[in-house]
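Read in order, the letters of the sequence shown correspond to residues 1 to 150 in my numbering. See structure below.
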Amino acid sequence: MAERLNIFQTDPKATHAVLAMESYAKNSGLESSLYELIKIRASQLNGCAFCLDMHLRDARKAGEDQRRLDILSAWREAPDFFTPREQAALALTEAVTLISEAGVPEQVWNQAEGEFDSESLVHVLMAISVINVWNRLAIATHQALPNAPE
Numbered sequence: 001m002a003e004r005l006n007i008f009q010t011d012p013k014a015t016h017a018v019l020a021m022e023s024y025a026k027n028s029g030l031e032s033s034l035y036e037l038i039k040i041r042a043s044q045l046n047g048c049a050f051c052l053d054m055h056l057r058d059a060r061k062a063g064e065d066q067r068r069l070d071i072l073s074a075w076r077e078a079p080d081f082f083t084p085r086e087q088a089a090l091a092l093t094e095a096v097t098l099i100s101e102a103g104v105p106e107q108v109w110n111q112a113e114g115e116f117d118s119e120s121l122v123h124v125l126m127a128i129s130v131i132n133v134w135n136r137l138a139i140a141t142h143q144a145l146p147n148a149p150e
């Protein structure tokens, strides 16, 4: 698929707001492994090849277990592989990413509140929100993947 538009080259200032959100979310204090799981799960739901490629590589580089990455899309079927905190974040990621389907159900919200204090919950929501922005930009423009390794 040919790239439709390179936002970064066309108007670098256009991405400054998203980069600011990204910087805030990434440096908010969430565990890097949880941050990457959020990024990957939202990107799976949205079908964003560019972000999946990036965040799966980042997660592996940071030492994430390949088996957990392999089963992430079916995390509910393998609860022993994900902590209650991760499960709460993944459920919230799915609800927020697919918000037009059912909003954020009370059960999902309550589970998240049980695992995160208010400030950390803001951090999770910001991580979910920013990856959804990146996904939409990458999918809309057919953002090109980096060259495949040789």
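We put the beta carbon where it would ideally sit given N, CA and C, even for glycine.
- Query: Going by beta carbon distance, what residues of the same chain come within less than 6 Å of Val18, once the five residues before and after it are set aside?
  - Reply: Val133
- Please name the residue in Asn110, Phe81, Glu36 whose C-alpha comes closest to that of Asp58. Glu36
- Item | Per-residue burial, Asn135 [other beta carbons within 10 Å of its own, 16 or more giving buried] | buried
- Can you tell me where the alpha helix (DSSP H) with Gln87 in it begins and where it stops? 84–97
- Message: Could you give the first and the last residue of the continuous alpha helix (DSSP H) run that contains His16?
- Response: 16–26
- What are the start and end residues of the alpha helix (DSSP H) that includes Phe116? Premise fails: Phe116 is in no alpha helix (DSSP H) and is neither H nor E.
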